[in-house]
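Asker: Numbering (full-length UniProt numbering), first residue to last: 1 to 231.
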């Protein structure tokens with residue numbers, strides 16, 4: 001008996017190869033569609049007005065402020081001073097790093113904005129349990145696993161740095177969805193520009209934090225929900 005002709009054998013091999021390629025492509029398409037169908041934790045938030053619905057009224061905690069930081073405007077504004085303030089001793093006070101935390105914790109969905117005088121301001125969120133004195137890295141935003149910090153041109157967490165390439169803006173927006181483990185930083189101008197997004201699991205309530213360099217000021221903006229599109 002004669003075997004298959006060379007042409008028939010070649011067609012069979014080509015058919016099997018095509019089937020293999022199509023199978024791989026179908027698998028890729030299925031994975032892509034599956035990912036696309038998964039809802040983003042904040043997919044319902046598209047405009048600044050959407051974020052403002054979650055504006056949280058917070059103030060800075062004087063008991064956490066480093067002695068070089070002066071609070072004003074109902075504890076919503078902070079300025080760096082060359083001389084130390086005569087603050088009473090407190091276990092929550094940052095002794096060495098020029099930082100301050102918010103009095104209120106951030107849970108659920110929260111949105112806030114910070115107006116910065118210069119690039120010498122770090123906007124952060126942190127657990128209240130982060131260090132206040134002792135080992136330097138334990139006490140500085142972004143240098144430990146208890147804080148997440150946006151500097152002028154980089155994001156820091158647990159000493160890992162990620163470059164920020166977007167144009168610097170004086171105002172920064174911070175959105176937190178605590179239960180979903182989502183933390184986003186935005187540059188605020190005529191539009192909102194996503195600067196950095198974190199997806200993790202938060203194990204404690206978070207507090208907003210600010211670090212200031214010499215001569216800098218920062219203020220927690222007073223935000224109101226935008227009801228212009230509501231009846």
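No residue lacks a Cβ here, since even glycine has one placed at the ideal position from N, Cα and C.
Cα separation between residue 164 and residue 87?
Answerer: Start at 1 with the first residue of the chain shown, and residue 164 comes out as number 164. Start at 1 with the first residue of the chain shown, and residue 87 comes out as number 87. Those two C-alpha atoms are separated by around 35 Å.
Asker: Quickly, what does DSSP pair residue 72 with across the bridge? List them, please.
Answerer: Counting from 1 along the chain shown, the entry for residue 72 is found at position 72. BP columns for residue 72 point to 77.
Asker: Tell me, which residues are paired with residue 182 by DSSP?
Answerer: Counting from 1 along the chain shown, the entry for residue 182 is found at position 182. Bridge partners of residue 182: 177 and 199.
Asker: Using DSSP bridges, identify the partner residues of residue 192.
Answerer: Taking the first residue of the chain shown as 1, we reach residue 192 at position 192. Its beta-bridge partners are 188.
Asker: Using only CA atoms, which one of 213, 84, 59 and 114 lies nearest to residue 72?
Answerer: On the chain shown, residue 72 is found 72 positions in, with the first residue counted as 1. Selected option, being the one with the closest Cα: 59.
Asker: Could you compute how far the alpha carbon of residue 113 sits from the alpha carbon of residue 168?
Answerer: Indexing the chain shown from 1 puts residue 113 at position 113. Indexing the chain shown from 1 puts residue 168 at position 168. Taking the straight line from one Cα to the other gives about 15 Å.
Asker: Could you tell me the distance, in whole angstroms, from the CA atom of residue 211 to the CA atom of residue 117?
Answerer: The sequence position of residue 211 within the chain shown is 211, counting from 1. The sequence position of residue 117 within the chain shown is 117, counting from 1. Residue 211 and residue 117: Cα-Cα distance of roughly 12 Å.
Asker: Could you pull out every residue in the same chain whose Cβ sits closer than 6 Å to the Cβ of residue 184, ignoring the five residues on either side in sequence?
Answerer: In the chain shown, the residue the question calls residue 184 occupies position 184. The residues are 175 and 197.
Asker: Which class does residue 133 belong to by DSSP, given the choice of helix, strand or coil?
Answerer: As a position in the chain shown, residue 133 is number 133, starting the count at 1. The answer is coil: DSSP assigns residue 133 none of H, G, I, E or B.
Asker: Check whether the Cβ atoms of residue 106 and residue 123 sit closer than 8 Å, and answer yes or no.
Answerer: Counting from 1 along the chain shown, the entry for residue 106 is found at position 106. Counting from 1 along the chain shown, the entry for residue 123 is found at position 123. No.
Asker: Beta carbon of residue 78, beta carbon of residue 208: below 8 Å?
Answerer: To locate residue 78, count along the chain shown from 1; it is residue 78. To locate residue 208, count along the chain shown from 1; it is residue 208. No, Cβ-Cβ distance for residue 78 and residue 208 is not below 8 Å.
Asker: Rounded to whole angstroms, what's the CA-CA distance from residue 161 to residue 154? Just pull it up for me.
Answerer: To locate residue 161, count along the chain shown from 1; it is residue 161. To locate residue 154, count along the chain shown from 1; it is residue 154. So the alpha carbons of these two residues sit roughly 6 Å apart.
Asker: Should residue 194 be labelled buried (16 or more other beta-carbon atoms within 10 Å of its own) or exposed?
Answerer: To locate residue 194, count along the chain shown from 1; it is residue 194. Exposed, because fewer than 16 other Cβ atoms sit within 10 Å of the Cβ of residue 194.
Asker: For residue 211, list the residues DSSP reports as bridge partners.
Answerer: What you label residue 211 is simply residue 211 of the chain shown in a count that begins at 1. Answer is 99 and 122, bridged to residue 211.
Asker: What distance in whole Å lies between the Cβ atoms of residue 206 and residue 111, which are believed to be in contact at a cut-off of 8 Å?
Answerer: Here residue 111 refers to the residue found at position 111 when the chain shown is read from its first residue. Here residue 206 refers to the residue found at position 206 when the chain shown is read from its first residue. Between residue 206 and residue 111 the Cβ distance is about 13 Å, and since that is not below 8 Å, they are no contact.
Asker: Between which two residues does the beta strand (DSSP E) containing residue 155 stretch?
Answerer: Taking the first residue of the chain shown as 1, we reach residue 155 at position 155. From DSSP, the beta strand (DSSP E) with residue 155 extends over 154 to 157.
Asker: For residue 150, report the span of its beta strand (DSSP E) as first-last.
Answerer: Residue numbering aside, residue 150 sits at position 150 when the chain shown is read from its first letter. Its beta strand (DSSP E) spans residues 147 to 150.
Asker: For residue 64 and residue 93, which I take to be in contact (beta-carbon distance under 8 Å), what is that distance rounded to the nearest angstrom?
Answerer: Translated into the one-based positions of the chain shown, residue 64 becomes position 64. Translated into the one-based positions of the chain shown, residue 93 becomes position 93. At roughly 6 Å, the Cβ-Cβ gap stays under 8 Å, so residue 64 and residue 93 are in contact.
Asker: Among 158, 62 and 147, whose alpha-carbon lies nearest the alpha-carbon of residue 204?
Answerer: Numbered from its first residue, the chain shown carries residue 204 at position 204. Among 158, 62 and 147, the Cα nearest to that of residue 204 is on 147.
Asker: On the three-state DSSP scale, how would you describe residue 48?
Answerer: On the chain shown, position 48 is the one that residue 48 refers to. Note: residue 48 maps to helix in three-state DSSP.
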